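For the record, the sequence lines run as chains A and B.
Per this note's numbering: the first sequence ends with 152, consecutive numbering throughout.
Per this note's numbering: the second sequence ends with 1336, consecutive numbering throughout.
In this text, a Cβ means the ideal position worked out from N, Cα and C, and glycines have one as well.
Computed from a predicted model, the values in this text were never measured in an experiment.
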Amino acid sequence: MSAGVTTERVVALPLAELPPDTSTTVKAFGTTVAIFNVGGQIFAVGNNCPHHGGPLRHGRISGTTLPSQPYEYRYGREGRVLVCPWHGWEFDIESGRTMFDPSMGVKTYEVRVEDGEIVLMRQRRHGNP
Amino acid sequence: MIDCDVHQNLDHVRDLLPWIDPAYRDFFLHAGFDGFELPNYFTWVQPHGFNRDDSVPPDGGMPGSDYETMRKQLLDPLDVEYAILTGEDILTVSCLPNPQLAAAVATAHNRWMIDEWLPRDSRLKGSLVVATQDAERAAEEISAFGNHPDVMQVLLPCANTSGYGHPHYHPIYEAAVEVGLPVAMHVGGEGLGINPPPTATGYPIYYIEWHVLLIQCAMSHVVSMVCHGVFEKYPELRVVVIEAGVTWLPTLLWRLDTDWKALRSEVPWVKRLPSETVREHMRFTTQPLDEPDSRGKLKRALELLDGLEDMLMFATDYPHWDFDRPDLVSRRLPESGREKVMSENARALYGLPARRVDAAVTEARSVA
């Protein structure tokens, strides 16, 4: 058997059950995945915050203040920042990376909408047995 | 696990109306803009909010105000054996200019806790909040309610107008020793009401400065209580420092011990190494436990003071934003002290009963 990539798919829930600006969780890929509808765009991330395991599904979606010069508040990334409901760690909801260290983050999943269903995708690399 | 810092809350302070001394009822209903308010924490504001976003009860009330939410989110899933309730912004009664009003509000809060919280669940244990402006009045409060079997300690705010060694506070210690309760101080009231600025360099600008430097008050009280000889005067007194963290403690005591050797003649009533006195008389809750980049560093920091494992008591700080998870904290502690910190030190301090043998375990044993 040769090395390769397998794409796993999980049908999560009907899009109609996740109206804009709501969130939910589903069991998928052996874990709990938080799914967000942000103004019609769907994002999926691991539900457990990598810090203390806070339930990201309950996190607020917002923008945030961008790195700036001292005493300057510049707001940006509206609708792209997921804030952990416990300790306030901020994640880019698309990449899953934290705002304070891009080497840290939460797992994200590719999302497609097929025939009105939200489908989560995960790519797994595997090598020779 | 025994959780030494759980915040039960009111939806609004006016909910204390049924318990307030009638002489103060008009304050509650008509004072200020819309009835009485406690000094609030809106001077330095946490940008994401003071509470966990997922701790709002189903009725939309204040986090900590609904027992069922607390049970489902904290007591049951985290297997809490006992939760020491510490109130919420009621600690700021000690920042009010009016001592009589402050004491009346504290009394109403204590009566509310005794009536509404302690009978609900045998895991819930209470703290008696006293207003410190009038220490004699606070002592009366301790005598009146301190013998309640589910009241575990007297509770003061960390911020105040002087260090807790000052003779002003001694009637509180005398009354606490009399009823056999420890005196706890919980971070609170820094820079609010009649209190001095929250840091030794005045008013910080940002919440992050305020929050990081909250430990200054706790450090001051540790040094103050030792240097004033409080534990020489009240040898049975035990003091708990809540939510001020712990990693600063070993090196503060190094400094205090070092200075004492040279300066003991100024405070001759301090008869032994300050660190020994602190080890015997003071306890510190773990939260918020610092998170250096490796567990080894934290363990080494906690090993800098001999016997620290006998002085620490676990706390979550539920439902606040910086709460600590027991399993993660336990893993980060030196192994030898885990059980002591997670439950046994608190059990010994508060005189809580030994752990009941789990029913399933008993059954398994009887089958075997």
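How long is the line joining the alpha carbons of residue i and residue j, rounded to whole angstroms?
{"i": "B:Asp1002", "j": "B:His980", "result": "12 Å"}
{"i": "B:Pro1316", "j": "B:Met1030", "result": "It is Ala, not Pro, that sits at residue 1316 of chain B in the sequence shown. Taking the straight line joining both Cα atoms gives about 32 Å."}
{"i": "B:Pro1139", "j": "B:Arg1206", "result": "15 Å"}
{"i": "B:Pro1165", "j": "B:Ser1130", "result": "12 Å"}
{"i": "B:Pro1087", "j": "A:Thr54", "result": "39 Å"}
{"i": "A:Ser91", "j": "A:Arg97", "result": "7 Å"}
{"i": "A:Val134", "j": "A:Ile141", "result": "7 Å"}
{"i": "B:His1136", "j": "B:Glu1244", "result": "25 Å"}
{"i": "B:Tyr1318", "j": "B:Phe1282", "result": "13 Å"}
{"i": "B:Leu985", "j": "B:Ala1071", "result": "14 Å"}
{"i": "B:Ala927", "j": "A:Pro125", "result": "Past the edges of chain B, shown from 969 to 1336, lies residue 927 of chain B, and the structure says nothing about it."}
{"i": "B:Thr1284", "j": "B:Ala1168", "result": "28 Å"}
{"i": "B:Val1238", "j": "B:Leu1273", "result": "20 Å"}
{"i": "B:Ala1356", "j": "B:Thr1100", "result": "Beyond the ends of chain B as shown, which are 969 and 1336, falls residue 1356 of chain B; an answer cannot be given."}
{"i": "A:Gln146", "j": "B:Asp973", "result": "44 Å"}
{"i": "B:Asp1295", "j": "A:His81", "result": "21 Å"}
{"i": "B:Met1120", "j": "B:Lys1201", "result": "22 Å"}
{"i": "B:Pro1260", "j": "B:Thr1215", "result": "11 Å"}
{"i": "B:Asn977", "j": "B:Ile1058", "result": "9 Å"}
{"i": "B:Arg1020", "j": "A:Leu89", "result": "23 Å"}
{"i": "B:Glu1312", "j": "B:Glu1277", "result": "10 Å"}
{"i": "B:Asp1083", "j": "B:Val1309", "result": "30 Å"}
{"i": "B:Arg1299", "j": "B:Leu1220", "result": "25 Å"}
Check each candidate in the options and name the one with the smallest Cα separation from residue i.
{"i": "A:Ala57", "options": "A:Arg147, A:Pro78, A:Leu38", "result": "A:Pro78"}
{"i": "B:Val1147", "options": "B:Val1119, B:Ile1173, B:Glu1277, B:Gly1114", "result": "B:Gly1114"}
{"i": "B:Ser1262", "options": "B:Ser1192, B:Leu1149, B:Leu1301, B:Asp1044", "result": "B:Leu1301"}
{"i": "B:Pro1015", "options": "A:Gly86, A:Gly62, A:Asn70", "result": "A:Gly86"}
{"i": "B:Gln1041", "options": "B:His975, B:Pro1067, B:Arg1324, B:Ala1152", "result": "B:His975"}
{"i": "B:Val1098", "options": "B:Leu1123, B:Val1297, B:Asp1295, B:Leu1092", "result": "B:Leu1123"}
{"i": "B:Gly1017", "options": "A:Val33, A:Phe52, A:Ala39, A:Cys107", "result": "A:Cys107"}
{"i": "B:Glu1056", "options": "B:Trp1178, B:Ile1173, B:Asn1313, B:Met1153", "result": "B:Met1153"}
{"i": "A:Arg103", "options": "A:Gly76, A:Gly128, A:Asp138, A:Phe114", "result": "A:Phe114"}
{"i": "A:Asn70", "options": "A:Glu137, A:Gly62, A:Gln64, A:Thr48", "result": "A:Thr48"}
{"i": "A:Trp109", "options": "A:Tyr94, A:Cys72, A:Asn60", "result": "A:Cys72"}
{"i": "A:Arg100", "options": "A:Trp112, A:Glu117, A:Tyr94", "result": "A:Glu117"}
{"i": "B:Gly1032", "options": "B:Phe995, B:Leu1092, B:His1249", "result": "B:Leu1092"}
{"i": "B:Trp1085", "options": "B:Pro1067, B:Ala1074, B:Asp1034, B:Val1061", "result": "B:Asp1034"}
{"i": "B:Val1190", "options": "B:Tyr1174, B:Val1209, B:Glu1234", "result": "B:Val1209"}
{"i": "B:Val1180", "options": "B:Ala1212, B:His1116, B:Glu1204", "result": "B:Ala1212"}
{"i": "B:Glu1248", "options": "B:Met1279, B:Glu1005, B:Asp1044", "result": "B:Met1279"}
{"i": "B:Cys1063", "options": "B:Pro990, B:Ser1188, B:Arg1268, B:Asp1102", "result": "B:Asp1102"}
Just checking residue i against the ligand NAP - is the residue's beta carbon closer than 8 Å to any of the ligand's heavy atoms?
{"i": "A:Pro37", "result": "Absence of the ligand NAP from the depicted structure is noted, as is the absence of any ligand whatsoever, leaving it without description."}
Where does residue i fall in DSSP's three states?
{"i": "A:Gly150", "result": "coil"}
{"i": "A:Ser46", "result": "strand"}
{"i": "B:Thr1253", "result": "strand"}
{"i": "B:Ala1051", "result": "strand"}
{"i": "A:Thr131", "result": "strand"}
{"i": "B:Leu1123", "result": "strand"}
{"i": "B:Glu1303", "result": "helix"}
{"i": "B:Val1061", "result": "helix"}
{"i": "B:Ala1143", "result": "helix"}
{"i": "B:Thr1226", "result": "helix"}
{"i": "B:Met1030", "result": "coil"}
{"i": "B:Cys1185", "result": "helix"}
{"i": "A:Asn60", "result": "strand"}
{"i": "A:Tyr153", "result": "Look at the range of chain A in this structure, 24 to 152, and you will see that residue 153 of chain A is not part of it."}
{"i": "B:Cys1195", "result": "helix"}
{"i": "A:Ala67", "result": "strand"}
{"i": "A:Met122", "result": "coil"}
{"i": "A:Leu143", "result": "strand"}
{"i": "B:Val1246", "result": "helix"}
{"i": "B:Asn1019", "result": "strand"}
{"i": "B:Lys1239", "result": "coil"}
{"i": "B:Pro990", "result": "helix"}
{"i": "A:Gly27", "result": "strand"}
Listing by chain order, which chain C residues have their CB less than 8 Å from the CB of residue i?
{"i": "B:Arg1293", "result": "Among the chains of the structure shown, chain C does not appear; the protein chains present are A and B."}
If contacts are defined as beta-carbon pairs under 8 Å, then residue i and residue j qualify, I think. What distance do you get, rounded to the angstrom?
{"i": "B:Leu1224", "j": "B:Pro1242", "result": "4 Å"}
{"i": "B:Glu1109", "j": "B:Asn1078", "result": "7 Å"}
{"i": "B:Cys1195", "j": "B:Gly1133", "result": "6 Å"}
{"i": "B:Ser1023", "j": "B:Pro1287", "result": "3 Å"}
{"i": "B:Glu932", "j": "B:Ile970", "result": "Past the edges of chain B, shown from 969 to 1336, lies residue 932 of chain B, and the structure says nothing about it."}
{"i": "A:His75", "j": "B:Arg1293", "result": "5 Å"}
{"i": "A:Ala67", "j": "A:Tyr132", "result": "4 Å"}
{"i": "B:Ala1127", "j": "B:Gly1156", "result": "6 Å"}
{"i": "B:Val1073", "j": "B:Tyr1141", "result": "With a Cβ gap of about 22 Å, B:Val1073 and B:Tyr1141 do not count as contacting."}
In the stretch 88-112 of chain A, which residues sit with their C-beta less than 7 Å from some C-beta in chain B, listed in chain order? Going along the stretch 88-112 of chain A in chain order, one finds Val106, Pro108, Trp109, His110, Gly111 with a Cβ nearer than 7 Å to chain B.
According to a CB-to-CB cut-off of less than 9 Å, which residues of the stretch 991-1021 of chain B neighbour chain A? Per Cβ criterion, the list reads Gln1014, Pro1015, His1016, Gly1017, Arg1020, Asp1021.
If the cut-off is 8 Å on Cβ atoms, which residues from the stretch 1084-1103 of chain B count as contacting chain A, listed in chain order? none
Tell me which residues of the stretch 1295-1311 of chain B have at least one Cβ-Cβ distance to chain A shorter than 8 Å, keeping chain order. Here the close residues are Leu1296.
Where the stretch 112-129 of chain A meets chain B: residues whose CB sits under 8 Å from a CB there: none
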